[in-house]
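Worksheet for the structure shown next.
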Amino acid sequence: MRIVYVIGTRPNFVKTAPVIGALRARLPQGRHTIVHTGQHYDRLMSEVFLEELGVPAPDHMLEVGSGSHAQQTARVMERLEPVLIDEEPDLVIVPGDVNSTLAAALTAAKMQIPVAHIESGLRSFDRTMPEEVNRIVADELSDHLFLHSDEAIENLRAEGIPNERMHFVGNTMIDTLVALEDRFRAAKGAERLGVEPGEFALVTLHRPALVDGPLLPETVQQLAALAREMPVVFPVHPRTRKMMEEVESDHPGLLLTEPLGYLDFLSLLADAGAVLTDSGGIQEETTYLGIPCFTLRDNTERPVTIRAGTNTLLGLDPAAISGIPAALAERPAERPEPPPLWDGRAAERIADVVAAGF
Ligand code: UD1
81 MRIVYVIGTR PNFVKTAPVI GALRARLPQG RHTIVHTGQH YDRLMSEVFL
131 EELGVPAPDH MLEVGSGSHA QQTARVMERL EPVLIDEEPD LVIVPGDVNS
181 TLAAALTAAK MQIPVAHIES GLRSFDRTMP EEVNRIVADE LSDHLFLHSD
231 EAIENLRAEG IPNERMHFVG NTMIDTLVAL EDRFRAAKGA ERLGVEPGEF
281 ALVTLHRPAL VDGPLLPETV QQLAALAREM PVVFPVHPRT RKMMEEVESD
331 HPGLLLTEPL GYLDFLSLLA DAGAVLTDSG GIQEETTYLG IPCFTLRDNT
381 ERPVTIRAGT NTLLGLDPAA ISGIPAALAE RPAERPEPPP LWDGRAAERI
431 ADVVAAGF
């Protein structure tokens with residue numbers, strides 16, 4: 081069996097690493113080819129992650145880089161097609177919801193190569209998010225849908241996708257977290273930044289709706305106000321860094337860092353007193369770890385994290401950041417049960433399904 085894995089961004093690497101490992105172990109005679117689209121290309125956004133996750137060096141680097149949505153999608157398609165012609169895979173595996181995911185699913189589907197989608201069936205029901213469009217198209221075009229939560233089943237049924245294409249396997253991002261737990265617990269990220277475990281807020285923001293528009297200066301002001309209550313650690317995504325430089329926002333009291341490697345980031349996440357984010361994956365990681373998460377968005381494609389009790393939607397409203405200290409004071413202390421099949425074994429289930437011929 082010949083399998084091509086197409087990855088392009090930080091969260092793609094985290095979600096796919098355990099699947100590559102499980103399938104290589106299960107199908108040692110198979111050909112396993114890794115294609116890196118190059119959507120994320122800085123060393124801190126790409127190589128560091130692949131090394132920490134133990135992903136073998138990619139066989140093909142498409143080097144598409146940054147650009148508009150159409151440019152990025154088109155470049156992946158143009159550069160992936162000849163690779164798939166050469167490799168003649170039996171299956172193309174794509175993770176998540178980024179532009180590389182959409183482009184790879186579309187290229188393979190047009191070549192009549194079966195596609196499997198990791199993290200299928202998430203819906204925010206908000207098509208102003210580029211990721212929502214990517215999810216809908218990737219799911220529609222995929223032959224095999226790997227679901228990480230039970231709510232995906234209803235979402236996919238509502239779009240007319242038959243049960244035979246769905247496989248509820250669990251969350252491969254949590255597989256990675258479980259596999260790295262000893263290493264990130266030993267990393268002592270808080271100590272190295274001079275903050276007390278349990279006492280600081282960890283912030284990540286990168287979505288265009290928040291950082292590309294007029295909300296960014298007010299958000300930074302609100303973070304500076306929060307920093308007067310508790311230390312605020314903010315590893316800054318390159319998109320956000322660029323926009324912060326453009327608006328020349330002042331950021332007193334914030335501990336700004338470069339993008340962090342995954343072990344350093346998870347170390348801080350596990351020790352944070354609160355997390356403020358607009359990321360999808362971080363809503364899940366905090367649910368698994370039982371850390372209070374405040375999501376600066378109007379909606380989430382991951383309502384399972386809200387039902388678990390760890391995640392609170394603040395809305396796309398920087399003023400809501402001021403309510404975090406009071407909300408923390410009222411929170412129940414217990415760590416909830418993780419959602420079903422978020423147990424570190426999702427990639428094994430994917431390997432079972434693929435090895436059995438679906
Ligand atoms: C992308 C995904 C988003 C995902 C995020 C994870 C899409 C539409 N968006 O957003 O869903 O949550 O990745 O991080 O696919 N840049 C660098 N170095 C890099 C990569 C990006 O400097 O290695 C800068 C560039 O200025 C670039 C900007 O970041 O224009 C945005 O990068 P892009 O990949 O287009 O989107 P992300 O915001 O990273």
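The sequence shown runs contiguously to residue 438 in our numbering.
Quick reminder that beta carbons are idealized off the backbone N, C-alpha and C, glycines included.
Item to complete: Whole angstroms is fine: what's the gap from residue 244's alpha carbon to residue 434's?
Response: Rounded to the nearest angstrom, the two C-alpha atoms are 14 Å apart.
Discussion item. Strictly under 8 Å for the Cβ-Cβ distance: is residue 300 near chain B by that measure?
Written reply: Within the model displayed, chain B is absent; a lone protein chain is all it includes.
Discussion item. Pop quiz: residue 316 and residue 180 are said to be a contact at Cβ under 8 Å. What is the actual Cβ separation, rounded to whole angstroms?
Written reply: Not a contact, Cβ separation roughly 22 Å.
Item to complete: May I ask you to check if the CB of residue 125 is nearer than 7 Å to at least one heavy atom of the ligand UD1?
Response: yes
Discussion item. Taking only three categories from DSSP, how would you classify residue 354?
Written reply: Residue 354: strand per DSSP, three-state reduction.
Item to complete: Excluding the 5 residues preceding and the 5 following residue 311 in the sequence, name in chain order all residues of the same chain whose CB lies nearer than 6 Å to its CB.
Response: 275 and 280
Item to complete: Express the C-alpha separation of residue 402 and residue 88 in angstroms, rounding to a whole number.
Response: 35 Å
Worksheet item: Alpha carbon to alpha carbon, what distance is there between residue 92 and residue 252?
Response: Taking the straight line from one Cα to the other gives about 10 Å.
Discussion item. Give me the residue from 288, 223 and 219 with the minimum Cα distance to residue 192.
Written reply: 223
Discussion item. Can you tell me whether residue 179 sits near the ligand UD1, meaning its C-beta is under 7 Å from at least one heavy atom of the ligand?
Written reply: Yes - the ligand UD1 has a heavy atom lying nearer than 7 Å to the Cβ of residue 179.
Worksheet item: Which value, in whole angstroms, describes the spacing of the CA atoms of residue 217 and residue 141?
Response: 24 Å
Item to complete: Note down, in chain order, each residue of its chain lying with its Cβ closer than 8 Å to the Cβ of residue 425, except the 5 sequence neighbours on either side.
Response: 250 and 255
Worksheet item: Which runs of the beta strand (DSSP E) spanning at least 3 residues fall entirely within the segment 213-247, listed in chain order?
Response: 224-227
Worksheet item: What is the rounded straight-line gap between the Cα of residue 459 and the Cα of residue 268?
Response: Here the chain comprises residues numbered 81 to 438, so residue 459 is not present and cannot be evaluated.
Discussion item. By the three-class DSSP mapping on this structure, what secondary structure does residue 204 have?
Written reply: Reduced to three states, the DSSP call for residue 204 is coil.
Practice prompt. Report the residue from 348, 230, 200 and 319 whose alpha carbon sits nearest the alpha carbon of residue 263.
Written response: 348
Discussion item. For residue 422, which residues in the same chain have their Cβ closer than 7 Å to its Cβ, ignoring the five residues on either side in sequence?
Written reply: 250, 251, 254 and 368
Discussion item. Using C-beta distances below 8 Å, list every residue in its chain close to residue 259, excluding the 5 sequence neighbours before and after it, in chain order.
Written reply: 98 and 424
Worksheet item: Which parts of the segment 280-321 are runs of the alpha helix (DSSP H), unbroken and 4 residues or longer, counting only runs that do not cross its ends?
Response: 288-291 and 295-306
Item to complete: Can you grab the Cα-Cα spacing for the pair residue 160 / residue 211, in whole Å?
Response: 20 Å
Discussion item. Between which residues of its own chain and residue 395 is the CB-CB distance below 8 Å, once the five residues before and five after are set aside?
Written reply: Excluding its 5 nearest sequence neighbours in each direction, residue 395 has C-beta neighbours in its own chain below 8 Å: 376, 377 and 378, listed in chain order.
Practice prompt. Determine the direct distance from the alpha carbon of residue 278 to that of residue 286, and round the result to whole angstroms.
Written response: Using only the alpha carbons, I get a separation of about 24 Å.
Worksheet item: Which residues in the same chain have their Cβ closer than 6 Å to the Cβ of residue 351, if we skip the five residues on either side of it in sequence?
Response: 270 and 277
Fill in: Length of the line joining the Cα atoms of residue 137 and residue 408
42 Å
Discussion item. Going by beta-carbon coordinates alone, are residue 120 and residue 90 separated by less than 8 Å?
Written reply: Yes, Cβ-Cβ distance for residue 120 and residue 90 is below 8 Å.
Worksheet item: Is residue 309 near residue 405, with beta carbons less than 8 Å apart?
Response: yes
Item to complete: Kindly confirm or deny that the segment 219-237 and the segment 324-337 touch, where touching means at least three C-beta pairs closer than 8 Å.
Response: no
Worksheet item: What number of angstroms, rounded off, separates the C-alpha of residue 145 from the C-alpha of residue 361?
Response: 22 Å
Discussion item. Could you give the first and the last residue of the continuous beta strand (DSSP E) run that contains residue 82?
Written reply: Its beta strand (DSSP E) spans residues 82-87.
Item to complete: Enumerate, from N- to C-terminal direction, the unbroken beta strand (DSSP E) stretches of 3 or more residues contained entirely within the segment 130-178.
Response: 171-175
Worksheet item: Hey, out of 84, 83 and 101, whose CA is closest to residue 427's CA?
Response: 101
Fill in: Local conformation of residue 196 per DSSP, three classes
strand
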